[in-house]
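Have a look at the structure below, then the notes.
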Amino acid sequence: MNRIKPGRIDDENIIEEDNSDEKSKTLTPTRVDEEEVIEEIVQEEKKRLTSLRGIGAFAQKSMVVLGLLFGVMITGTLYDATSTASSMMQNAPVVGVFYLVMLFSLLGILGYGIFKEMLGYRKIKRIDTIQKEAQEVKTKPKRVRAFAQKIISMYKDHEDEEIAQRVRAFEIELPTLLDEEVLPRLEEVVLSNMDEKAKRIITKYANQTALSTAISPVAIIDAILILSRSHVMVKEIATVYDLKPNFLAEMALVKKVFMTMAFAGVTDIMLHHSHDILGASVLSKVSSHGAQGVANGILTARIGLSTIKACRPIALTKKQDGFFKNILKMITKSLFSSKT
Amino acid sequence: MLSFIKDIELPFKIPTPDKTIKIAITGLSRSGKTVFLTSLINQLIANDKLSYLNEKLGRTFIARLLPPDSVYVRFDYYSKIKAFRLKQPKWPKATRSVSKTTLQLEFKSEYRFLENQIINIELIDYPGEWLMDLSMLDLDFKEWSAQMLELAYEDKRKEFAKEWLDFLKGVDLYGECRDEYIDEHLHDMYSEYLKRLHYGGFSFVQPGRFLEPGDMKDDPLLLFCPLPAPVGVVHENSLYAAFERKYQQYIDEVVKRLYLEHFQSFDTQIILVDLLKTLENGYDIFEDMHLSFKHILKSFTYGSNNFLKRFFNPQIDKVIFAATKADHIAQSQHNQYKKLLEMLVWDLKKELDVRHIQTEVTLIAAVKSTYDVKAKVDGKVVDCVRGIVEGEKDFSTHFPGNLPKYTSDESFWKEANFHFTKFQPRSFPMRDNHATDHIRMDKLLYSILKDHV
Numbered sequence: 001m002n003r004i005k006p007g008r009i010d011d012e013n014i015i016e017e018d019n020s021d022e023k024s025k026t027l028t029p030t031r032v033d034e035e036e037v038i039e040e041i042v043q044e045e046k047k048r049l050t051s052l053r054g055i056g057a058f059a060q061k062s063m064v065v066l067g068l069l070f071g072v073m074i075t076g077t078l079y080d081a082t083s084t085a086s087s088m089m090q091n092a093p094v095v096g097v098f099y100l101v102m103l104f105s106l107l108g109i110l111g112y113g114i115f116k117e118m119l120g121y122r123k124i125k126r127i128d129t130i131q132k133e134a135q136e137v138k139t140k141p142k143r144v145r146a147f148a149q150k151i152i153s154m155y156k157d158h159e160d161e162e163i164a165q166r167v168r169a170f171e172i173e174l175p176t177l178l179d180e181e182v183l184p185r186l187e188e189v190v191l192s193n194m195d196e197k198a199k200r201i202i203t204k205y206a207n208q209t210a211l212s213t214a215i216s217p218v219a220i221i222d223a224i225l226i227l228s229r230s231h232v233m234v235k236e237i238a239t240v241y242d243l244k245p246n247f248l249a250e251m252a253l254v255k256k257v258f259m260t261m262a263f264a265g266v267t268d269i270m271l272h273h274s275h276d277i278l279g280a281s282v283l284s285k286v287s288s289h290g291a292q293g294v295a296n297g298i299l300t301a302r303i304g305l306s307t308i309k310a311c312r313p314i315a316l317t318k319k320q321d322g323f324f325k326n327i328l329k330m331i332t333k334s335l336f337s338s339k340t
Numbered sequence: 341m342l343s344f345i346k347d348i349e350l351p352f353k354i355p356t357p358d359k360t361i362k363i364a365i366t367g368l369s370r371s372g373k374t375v376f377l378t379s380l381i382n383q384l385i386a387n388d389k390l391s392y393l394n395e396k397l398g399r400t401f402i403a404r405l406l407p408p409d410s411v412y413v414r415f416d417y418y419s420k421i422k423a424f425r426l427k428q429p430k431w432p433k434a435t436r437s438v439s440k441t442t443l444q445l446e447f448k449s450e451y452r453f454l455e456n457q458i459i460n461i462e463l464i465d466y467p468g469e470w471l472m473d474l475s476m477l478d479l480d481f482k483e484w485s486a487q488m489l490e491l492a493y494e495d496k497r498k499e500f501a502k503e504w505l506d507f508l509k510g511v512d513l514y515g516e517c518r519d520e521y522i523d524e525h526l527h528d529m530y531s532e533y534l535k536r537l538h539y540g541g542f543s544f545v546q547p548g549r550f551l552e553p554g555d556m557k558d559d560p561l562l563l564f565c566p567l568p569a570p571v572g573v574v575h576e577n578s579l580y581a582a583f584e585r586k587y588q589q590y591i592d593e594v595v596k597r598l599y600l601e602h603f604q605s606f607d608t609q610i611i612l613v614d615l616l617k618t619l620e621n622g623y624d625i626f627e628d629m630h631l632s633f634k635h636i637l638k639s640f641t642y643g644s645n646n647f648l649k650r651f652f653n654p655q656i657d658k659v660i661f662a663a664t665k666a667d668h669i670a671q672s673q674h675n676q677y678k679k680l681l682e683m684l685v686w687d688l689k690k691e692l693d694v695r696h697i698q699t700e701v702t703l704i705a706a707v708k709s710t711y712d713v714k715a716k717v718d719g720k721v722v723d724c725v726r727g728i729v730e731g732e733k734d735f736s737t738h739f740p741g742n743l744p745k746y747t748s749d750e751s752f753w754k755e756a757n758f759h760f761t762k763f764q765p766r767s768f769p770m771r772d773n774h775a776t777d778h779i780r781m782d783k784l785l786y787s788i789l790k791d792h793v
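Sequence lines, in order, name chains Z and X. Going letter by letter, the first sequence gives residues 1 to 340 in the working numbering. Going letter by letter, the second sequence gives residues 341 to 793 in the working numbering.
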């Protein structure tokens, strides 16, 4: 394949003077790599997913029913609007024009909103494909650069100036990295910073939930508090990962969050841990409200961590037990030290 | 939360232990040891192009060269760097003797009441040829001769050795020796053979002093060469007996002394590998280099022999293999370049791993003398390097050839087709506040320092 004779080259032949190296690659021989074999782990995942399929199917059916209902309503309304408009145009054209202008601007605004929703939704969906790609790329070092470029373009215009700066630094560094260094470095420079920020948010909200539910006297208020705090937290975390979810996107995200929670092994272990750490003696001695606060705090933290998992382009590699322990310690400290 | 602790001032400072890291910079001749050392000192003193190191360590430090001690010859950084700062900079000449220097790093302590941490890095420069003598330490004359002769009869070396071997056949080795000049003659022919090997790209060449005698030029001690083992009785005044005595003396007085003085108890060993040489010269040279490293490492780390065990208690905890001169190929080839080095050292790496010695394979250019460009050659766009060729004044562009994908030795060496141009270094910045451009030196430095800071 490369039969080009090495040696000196005339200056006229220089095309560009930069380091980006993707295009110049001569075609590799057509033998298919063994890496192309699809991993079996993916199959296993699918099997596990089937248990949740039932719920999914039910949800989909109800979505169809809801959609139909919505469709009927909208067609009716539109028909109403047009007939009103036409009768108006005949009877009082000035008012009719006014009416039409308002109608169209309303439709425009609605359409724009829906368009935005779709965009946000697609962004979330894109994370899915990227996460899958990240899994594949780990075994195929050749594609790692293209993948890194994708992530760079995703986060390059991040609102958070610090993250955007890190992304730019990584972009400059990328050509000097060897293939196997790209992913670790990406984690180190860009993603770890986002994780840190997200974890700070989780800590904040876990603490808030724990404290507020511990002092609230009624169970229903607890539920509302947890829901509202979690909702805000999920949004904030998603913003850290540059997702800025709107309504549809958030629905998709929440679905993902609960899916990851359903599969989370860490959280199951956590329940054990919470007993270990607090111990029966402590739990029995503090008020039941306090214990509930702790549990709610942990729940929030679990939701938060699942959100990270759902938003992160590359799956978390490290075990997060340590993070949970820290949160637990912090919650118990702030709850019980403030009580006495 | 606890940041106020950092600013607590005590009437005294709590001392932190000083550390001395001894770094063995190992490399065969022309692998770039001197350039590496000069660049390393330059980089650490200026510390403006080591972003990776600084980011990972997260601590500020200053580097200074300690004044020389009276025992050893000093590695003359200043005259070396002067040569690099000329308008027409030159690569340093071949090293002829051992020299030493200590670079001190002072790290700012995290807490005010702690003393600054000090790390001394001892650096040694020496002729790479001498390194080969290391594996002679655990061989006597008979064993060594047998090994050398076996090598000389190998196909790839035979043509180089022909003259010497033919001459050897006509000499009475075991009877009483009457010819005064015969030993000198034999020695000359043998060193001629070694020299030819050396220029042919071979690196396993013993004894190294024959190529680079240093202060032992014309020393009668060197007048020996490997001889076939005797069958019958050997006369006391025979050539064989004389050579055997000289060999033993050479081992005791030259080789042992050198290693006792300079090569004891290292923390980190950096092995610089000139892969360009192998790529240009082909598979034989690649194999030969592998053989050399095998011998070198054997004596450095896992001596089966008592002498070695006693004196070099194997303290090396890290060995870094670094392919040098990475600037002579385009950046897009670096992955393959590294893979090639991995192929070269794969068994050594395994051997070290089971001995709990960390290993690392990397590539560097201590001094970056080229930059990458894309150019059209025969209708194809390829990555080329652009630099000033030695002896010329202007930049020119060169296509060194693309590294084939390494699937097996056969396919690789069949497809390997390279031409590397000797580039001259680019001028170093005039003052110590800026360092020269490099490739991956910061990553290498981090690997060296990370366990000690």
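Don't be surprised by glycine CBs; every beta carbon is placed ideally from N, CA and C.
Find the residues of chain X that neighbour residue i, judging by a C-beta separation of less than 7 Å, and give them in chain order.
i: Gly7 (chain Z); result: His738, Phe739 and His759
Look at the alpha carbon of residue i and the alpha carbon of residue j, and state the distance between them as a whole number of angstroms.
i: Lys362 (chain X); j: His792 (chain X); result: 11 Å
i: Ser379 (chain X); j: Ile697 (chain X); result: 26 Å
i: Ile14 (chain Z); j: Lys716 (chain X); result: 6 Å
i: Gly554 (chain X); j: Leu368 (chain X); result: 16 Å
i: Phe544 (chain X); j: Gly322 (chain Z); result: 52 Å
i: Asp388 (chain X); j: Phe401 (chain X); result: 12 Å
i: Ser419 (chain X); j: Leu305 (chain Z); result: 58 Å
i: Met251 (chain Z); j: Ala92 (chain Z); result: 44 Å
i: Glu483 (chain X); j: Gln609 (chain X); result: 28 Å
i: Ile531 (chain X); j: Leu183 (chain Z); result: The sequence given here places Ser at residue 531 (chain X); Ile does not occur at that position. Each residue's Cα considered, the two are about 51 Å apart.
i: Glu117 (chain Z); j: Ala198 (chain Z); result: 23 Å
i: Asn394 (chain X); j: Ile365 (chain X); result: 23 Å
i: His231 (chain Z); j: Ile201 (chain Z); result: 12 Å
i: His630 (chain X); j: Tyr623 (chain X); result: 11 Å
i: Ser632 (chain X); j: Leu551 (chain X); result: 16 Å
i: Gly125 (chain Z); j: Ala310 (chain Z); result: The residue you asked about is not Gly; residue 125 (chain Z) is Lys in the sequence shown. Distance between the alpha carbons of Lys125 (chain Z) and Ala310 (chain Z): 10 Å.
i: Lys720 (chain X); j: Ile4 (chain Z); result: 9 Å
i: Met259 (chain Z); j: Val167 (chain Z); result: 29 Å
i: Phe768 (chain X); j: Leu191 (chain Z); result: 36 Å
i: Lys678 (chain X); j: Pro6 (chain Z); result: 20 Å
Strictly below 7 Å CB to CB, what residues from chain Z border residue i?
i: Asp718 (chain X); result: Ile4
i: Ala386 (chain X); result: In chain order: nothing, as chain Z lies at least about 19 Å away.
i: Val411 (chain X); result: Near Val411 (chain X) there are no residues of chain Z at all, since even the closest Cβ is about 41 Å away, more than 7 Å.
Just to confirm my understanding: we take residue i, look at its own chain, exclude 5 residues before and 5 after, and list those with CB closer than 8 Å. What are they?
i: Lys23 (chain Z); result: Any answer about Lys23 (chain Z) is weak, because its pLDDT of 42 lies below 50 and its placement is not dependable; what the coordinates show is given next. Cβ neighbours of Lys23 (chain Z) beyond the five flanking positions: none.
i: Val32 (chain Z); result: Below a pLDDT of 50, predicted positions are generally treated as unreliable, and Val32 (chain Z), at 46, falls in that range; no measurement from the model is reported.
i: Tyr392 (chain X); result: Asp782, Lys783 and Tyr786
i: Arg497 (chain X); result: Leu491, Leu537 and Phe542
So with CB distances below 9 Å, who are the chain X contacts of residue i?
i: Asn13 (chain Z); result: Ala715, Lys716, Val717, Cys724 and Thr737
Might you give, ordered along the chain, the residues of its own chain that have their beta carbon closer than 6 Å to the beta carbon of residue i, omitting 5 neighbours on each side?
i: Thr796 (chain X); result: Nothing can be reported for residue 796 (chain X), as the shown portion of chain X is limited to 341 through 793.
i: His575 (chain X); result: Gly515 and Glu516
i: Trp470 (chain X); result: Gly548
Among the residues of its own chain, which have a CB less than 7 Å from the CB of residue i, if the five just before and after it don't count?
i: Pro141 (chain Z); result: Asp179 and Glu180
i: Lys353 (chain X); result: Phe453, Leu454 and Glu455
i: Leu616 (chain X); result: Lys665, His668 and Phe760
### Query
Is the segment 527-541 of chain X touching the segment 450-460 of chain X in the sense that three or more CB pairs, one from each, lie closer than 8 Å?
no
### chain X contacts made by the segment 174-199 of chain Z, where a contact means CB separation under 8 Å
Pro175, Thr176, Leu178 and Asp179
### Task
Would you check if there are 3 or more beta carbon pairs closer than 8 Å linking the segment 667-680 of chain X to the segment 702-712 of chain X?
yes
### Query
If we count Cβ pairs, one from each stretch, closer than 8 Å, do we get three or more for the segment 213-232 of chain Z versus the segment 170-177 of chain Z?
no
### Query
Taking Cβ-Cβ distances below 7 Å as the criterion, which residues of the segment 659-689 of chain X are in contact with chain Z?
Gln671, Ser672, His674, Asn675 and Lys678
### Message
Three Cβ pairs or more, each shorter than 8 Å: is that satisfied between the segment 581-599 of chain X and the segment 556-564 of chain X?
### Response
yes
### Task
Give a yes or no on contact between the segment 498-515 of chain X and the segment 566-585 of chain X, applying the rule of three or more CB pairs nearer than 8 Å.
yes
### Query
Is the segment 290-302 of chain Z touching the segment 204-214 of chain Z in the sense that three or more CB pairs, one from each, lie closer than 8 Å?
yes
### Query
Along the segment 578-597 of chain X, what residues have a CB closer than 7 Å to any CB found in chain Z?
none
### Task
Spell out a yes or no on whether the segment 79-93 of chain Z and the segment 108-123 of chain Z are touching, meaning 3 or more CB-CB pairs, one atom from each, closer than 8 Å.
no
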